[in-house]
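Trainee:
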Amino acid sequence: MKVCFLVNDLELSGGVGIVVEHARRLGDHHGFDVTLALARPPTSAIWRYEQLAGVHVASLDEARELHFDVVVATWWETTFSLFRVPAKRYAYFVQSLEDRFYLADEPDRLGAAATLGLPVAFITEARWIAETLGQLRPDAPCYLVRNGIDKEIFGVRAALDVRNDGPLKILVEGNPTVWFKGVGTALAATSAMREPGHVTVVTALHDELGEDAPDRVVGPLTQREMAELYTDSDVVLKLSRVEGMFGPPLEGMHRGATCVVTPVTGHDEYVRHGWNGLVCDWDDVRGTARQLDLLARDRALLHFLRGNAVDTARRWPTTEQSSQMMALALRRIAEGPAPDPHAASLRVLDDLRAGVEQFRPMLLENRELHRKMGRVNRVLGMPPLSVAMRMRHRRSGRLAIRLVRGLLGRSRSG
Amino acid sequence: MLNWDGPQSAAPRPAERLERELRYRAAAPLVATAALWCDLSHAPAAPEDVAPAGRALEVDPQADLTRDEDLALIRAGLLAEDGERVVTCFDTIERLGTFVPLVRLLTGLAEHDEATVVLSVPNDDVLPVDGDRGSVWGPGAFEELRRLLPAGAVLARQAALVGSVVLTGAGDAGRTLALSLDADDDAGAVATTTHLLAAFGPRADGLSVAAAAGTADVAAERAVTRRREARLEQAEAAVRTLTAEVEQLRAQARTSA
Chain A
1 MKVCFLVNDL ELSGGVGIVV EHARRLGDHH GFDVTLALAR PPTSAIWRYE QLAGVHVASL
61 DEARELHFDV VVATWWETTF SLFRVPAKRY AYFVQSLEDR FYLADEPDRL GAAATLGLPV
121 AFITEARWIA ETLGQLRPDA PCYLVRNGID KEIFGVRAAL DVRNDGPLKI LVEGNPTVWF
181 KGVGTALAAT SAMREPGHVT VVTALHDELG EDAPDRVVGP LTQREMAELY TDSDVVLKLS
241 RVEGMFGPPL EGMHRGATCV VTPVTGHDEY VRHGWNGLVC DWDDVRGTAR QLDLLARDRA
301 LLHFLRGNAV DTARRWPTTE QSSQMMALAL RRIAEGPAPD PHAASLRVLD DLRAGVEQFR
361 PMLLENRELH RKMGRVNRVL GMPPLSVAMR MRHRRSGRLA IRLVRGLLGR SRSG
Chain B
415 MLNWDGPQSA APRPAERLER ELRYRAAAPL VATAALWCDL SHAPAAPEDV APAGRALEVD
475 PQADLTRDED LALIRAGLLA EDGERVVTCF DTIERLGTFV PLVRLLTGLA EHDEATVVLS
535 VPNDDVLPVD GDRGSVWGPG AFEELRRLLP AGAVLARQAA LVGSVVLTGA GDAGRTLALS
595 LDADDDAGAV ATTTHLLAAF GPRADGLSVA AAAGTADVAA ERAVTRRREA RLEQAEAAVR
655 TLTAEVEQLR AQARTSA
């Protein structure tokens, strides 16, 4: 069976890593002929995913010369290219509801949401997304394929060491410039701790961490390097605001680290408060700091959570099991009927209309402001004023302005 | 010589045999009217009174359920006869290195109305996970599987019971007793679920409620707990002794420094 995954690029990201892993395993273990097609020309270096070896990577133009059984979009922007690649069926691997990555006044938000109306079959990685899609698109088939963990890299700890002393070793990872990753909040919480802690941040952006400096900054790291770091850590602190199903706390669990996380969507796929981790409140720097202090002080609790974390990891599927589910889902999609284009079209048009109504007042306001600025600019362009504006940038002009301001200031105080 | 240090855990679980038989009893109404019954369960152990109206398909014990070729032979054997066909598949999927070919066979049979299938997977969220496994299962994995099944699949969960019985004499053995079942059916009840079952195909609604009970070896369970307690108490005492020695040595070191 021939399958094409459309990706925007092959830069480092958890989402792209998942797709690459599926591509490799489908080819190696399930007899699929898999192509990774880049929906846009590469603008930066391709991240050195271990799994990429042996996977056919093609440009969009090259993919358009072929014919596939299923073509799968993997990010909302890749749907723009989806139907340009010839295929029997089309699918959309939804790793998160991507409109939530954007703020309310960003047009990308509308674009990302509208792509959920396309006539495709859905594949997703978390039950909450599957349920949401089921409500939004009851007409479209939706398959669940949870992300597995590569247990050759993140092997489940066979024996867990007891850590009765030393500072609590906290790991924070993520892009500090991405608002929904919560890295700044995590560092603020560690700074607010009263008990001793040692904080390591993993990021490619070492200079963007703000005022709450950690003890150590590393990265970017390969997966194997991350596995070693998790092994050395007591707790993964992940305060994301938007996620499909985050992977780092689960990877950490495999290596014996518990976690402190926000109740972000998808966390309940494997985190249970007080069993294998702790769930803190939103925007609660002090409360999160107190939870970290608790782990630092109560080493029996820390060991209890770490032990149950490893137990949870033991019961989580491997990437191989996940790829079996993906293979079954893709075959069902290929063999099943195509989704009803009428229902999908209605959905897209509804979203389009909602978007027009949402942005209409903004565009009208923008037009009015533009008109007013036009008047202001006309006034500023009149000869005496235009001369004065030009004088501002000359030394004599600036001296004159200071003199006038000084005179005005004395007259007001007098 | 006294050998007190038995297993640290009660393995196999005492209820395991009883639970396995119960899965067959849940499928019994389907099997009873089948012209042909194919049992693909791991180490098949159907109770004697669970039997088809027609015959049971003999499956080669060496058949590799991960290989398309072996599964094709099973399919051919099933379709060689007309009439209602039932396939049971208990305790199998989780043991396979890959379940893709078997799931495709089973869903294909059901979708083409060629057989009714009943399968089970364990809830590994609560059960011990032994080494003899190709995959792990639980509510999340079952949801993945459910979405791959044909429309009209009937889902069931097998729950652990606690119970008690008052026996008045040797004549009580083998008696049939009526029980009032106090079972939750809400989402929180997943904690009591040991296995998840699915029936799919033309007669999927024939999957029935079933229950069974047997006496528990409370003494054996208590023995396992006591062994763990003894080891823990001994280890804690050793730690206290060592801690005291370390403190003493530290004090001596401070004095001589």
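Chains as they are written, first to last, in the numbering used here: chain A, 1 to 414; chain B, 415 to 671. Where is the CB? At the ideal position from N, CA and C, for every residue including glycine. Values in this document were obtained by computation on a predicted structure and should not be read as measured data.
1. Curious, which full-length beta strand (DSSP E) runs of at least 3 residues does the segment 110 to 136 of chain A contain?
2. Which word fits aspartate 150(A), buried or exposed, when buried means at least 16 other C-beta atoms lie within 10 angstroms of its C-beta?
3. For the alpha helix (DSSP H) containing glutamate 368(A), name the first residue and the last one.
4. Assess contact between the segment 297 to 305 of chain A and the segment 127 to 134 of chain A, defined as three or more Cβ pairs (one per stretch) separated by less than 8 Å. Is contact present?
5. Between serine 322(A) and the rest of its own chain, which residues show a CB-CB distance below 7 Å, the 5 nearest in sequence each way excluded?
6. Among Gly54(A), Asp99(A), Pro119(A), which has the Cα closest to the Cα of leucine 110(A)?
7. Give me whichever residues DSSP pairs with histidine 526(B) in a beta bridge.
8. Does any residue of chain B have a CB that is nearer than 8 Å to the CB of glutamate 251(A)?
9. Provide the residue span of the alpha helix (DSSP H) that contains threonine 288(A), from first to last.
10. With a 10 Å radius around its C-beta and 16 neighbouring C-beta atoms as the bar for buried, classify valine 7(A) as buried or exposed.
11. Since leucine 492(B) meets chain A, which of its residues come closer than 9 Å, beta carbon to beta carbon?
12. Against chain B, does glutamate 269(A) count as a neighbour if the rule is that its beta carbon must be under 8 Å from one of theirs?
13. Where does arginine 509(B) sit, in a helix, a strand or coil, going by DSSP?
14. Beta carbons nearer than 7 Å to chain A: which residues of the segment 547 to 558 of chain B have them?
15. Starting from arginine 518(B), find everything on chain A with Cβ-Cβ shorter than 8 Å and list it in chain order.
16. Looking only at its own chain, which residues have a Cβ that is under 8 Å from the Cβ of leucine 523(B), when we skip the five neighbours before and after it?
17. At which residue ranges does the segment 438 to 514 of chain B contain complete beta strand (DSSP E) runs of 3 or more residues, listed in the order of the chain?
18. For leucine 380(A), which residues of its own chain have a beta-carbon under 8 Å away from its beta-carbon, when the five flanking residues on both sides are left out?
19. Would you report the Cα separation of glycine 406(A) and phenylalanine 246(A), rounded to the nearest angstrom?
20. Against chain B, does methionine 245(A) count as a neighbour if the rule is that its beta carbon must be under 8 Å from one of theirs?
21. Contact criterion: CB-CB distance below 8 Å. Does aspartate 538(B) meet it with respect to chain A?
22. Are the Cβ atoms of valine 202(A) and leucine 229(A) separated by less than 8 Å?
23. For my contact list, glutamate 435(B) and proline 458(B) are in at a C-beta cut-off of 8 Å; report their separation, rounded to the angstrom.
24. Residues of chain B with CB under 8 Å from tryptophan 316(A), in chain order?
25. Pull the bridge partners of serine 534(B) from the DSSP assignment, please.
26. If we count the other Cβ atoms within 10 Å of its Cβ and call it buried at 16 or more, is isoleucine 401(A) buried or exposed?
27. Output, in chain order, the set of chain C residues within a Cβ distance shorter than 7 Å of phenylalanine 614(B).
28. Sorted by chain position, which residues of the same chain lie with C-beta nearer than 7 Å to glycine 287(A)'s C-beta, five sequence neighbours on each side aside?
29. Would a check of beta-carbon distances place alanine 658(B) closer than 8 Å to chain A?
30. Return no unless some Cβ of chain B is closer than 8 Å to the Cβ of valine 7(A).
31. Between the segment 558 to 573 of chain B and chain A, which residues of the former have a C-beta closer than 9 Å to a C-beta of the latter?
32. Does methionine 1(A) have its Cβ less than 8 Å from a Cβ in chain B?
33. Find the residues of chain B that neighbour cysteine 142(A), judging by a C-beta separation of less than 9 Å, and give them in chain order.
34. Report the three-state DSSP secondary structure of threonine 200(A) (helix, strand or coil).
35. What residues from the segment 482 to 512 of chain B come within 8 Å of chain A, judged by C-beta to C-beta, listed N to C?
36. For a cutoff of 8 Å on Cβ pairs, would you count serine 534(B) as touching chain A?
Mentor: Walking through what the data contain:
1. 121 to 124
2. Within the first sequence, numbered from 1, the residue matching residue 150(A) stands at position 150. Under this definition aspartate 150(A) is a buried residue.
3. Counting from one through the first sequence, the residue named residue 368(A) turns up at place 368. 341 to 380 is the extent of the alpha helix (DSSP H) around glutamate 368(A).
4. no
5. One-based indexing of the first sequence puts residue 322(A) at position 322. Cβ within range, chain order: Val145, Arg146, Asn147, Gly148.
6. To locate residue 110(A), count along the first sequence from 1; it is residue 110. Minimum Cα distance to leucine 110(A) is reached at Asp99(A).
7. For this step, residue 526(B) is matched to residue 112 along the second sequence. None, per the DSSP bridge assignment.
8. Start at 1 with the first residue of the first sequence, and residue 251(A) comes out as number 251. No, glutamate 251(A) does not count as interfacial toward chain B.
9. Locating residue 288(A) in the first sequence gives position 288, counting from the first residue. 285 to 297 is the extent of the alpha helix (DSSP H) around threonine 288(A).
10. Sequence index remark: in the first sequence, residue 7(A) carries index 7 (1-based). Buried, by the Cβ-count rule.
11. Taking the first residue of the second sequence as position 1, residue 492(B) is located at position 78. By Cβ distance, chain A contributes nothing, its closest Cβ being about 20 Å from leucine 492(B), past 9 Å.
12. The residue given as residue 269(A) occupies position 269 in the first sequence. Chain B contact via Cβ: present.
13. Position 95 of the second sequence, counting from 1, holds the residue named residue 509(B). Residue state, collapsed to three classes: helix.
14. Ser549, Val550, Gly552, Gly554, Ala555, Glu557, Glu558
15. Translated into positions along the second sequence, residue 518(B) becomes position 104. What arginine 518(B) touches in chain A: Leu328, Arg331.
16. Working through the second sequence from its first residue, we reach residue 523(B) at position 109. These residues qualify, in order along the chain: Arg489, Leu492, Arg499, Val501, Ala529, Val531, Gly615.
17. 450 to 453, 499 to 503
18. As a first step, residue 380(A) is located in the first sequence; it is residue number 380 there, counting from the start. Result list for leucine 380(A): Ser386, Met389, in chain order.
19. Here residue 406(A) corresponds to residue number 406 of the first sequence, with the count starting at 1. Here residue 246(A) corresponds to residue number 246 of the first sequence, with the count starting at 1. Roughly 60 Å separates the two Cα atoms.
20. Counting from one through the first sequence, the residue named residue 245(A) turns up at place 245. By this cut-off, methionine 245(A) is not an interface position.
21. Within the second sequence, numbered from 1, the residue matching residue 538(B) stands at position 124. Aspartate 538(B) counts as touching chain A.
22. The sequence position of residue 202(A) within the first sequence is 202, counting from 1. The sequence position of residue 229(A) within the first sequence is 229, counting from 1. In contact: valine 202(A) and leucine 229(A) (Cβ atoms closer than 8 Å).
23. By one-based count along the second sequence, residue 435(B) stands at place 21. By one-based count along the second sequence, residue 458(B) stands at place 44. That belief does not hold up - the Cβ atoms of glutamate 435(B) and proline 458(B) are roughly 11 Å apart, past 8 Å.
24. Indexing the first sequence from 1 puts residue 316(A) at position 316. What tryptophan 316(A) touches in chain B: Val550.
25. If you number the second sequence from 1, residue 534(B) lands on position 120. The partner list for serine 534(B) (beta bridge, DSSP) reads Leu611(B).
26. On the first sequence, position 401 is the one that residue 401(A) refers to. Per the 10 Å Cβ criterion, exposed.
27. No chain C is part of this structure, whose protein chains are labelled A and B.
28. The residue labelled residue 287(A) in the question sits at position 287 within the first sequence. Excluding positions up to five away in sequence, the list reads Cys280, Asp281.
29. Within the second sequence, residue 658(B) is the residue found at index 244, counting from 1. Chain A contact via Cβ: absent.
30. Counted from its first residue, the first sequence places residue 7(A) at position 7. Closer than 8 Å: no.
31. Glu558, Leu559, Arg560, Arg561, Leu562
32. Here residue 1(A) corresponds to residue number 1 of the first sequence, with the count starting at 1. So no, methionine 1(A) is outside the interface.
33. Taking the first residue of the first sequence as 1, we reach residue 142(A) at position 142. By Cβ distance, chain B contributes Arg561.
34. Reading the first sequence from its first residue, position 200 is the one you call residue 200(A). Threonine 200(A): strand per DSSP, three-state reduction.
35. Thr512
36. Locating residue 534(B) in the second sequence gives position 120, where the first residue counts as 1. Not an interface residue.
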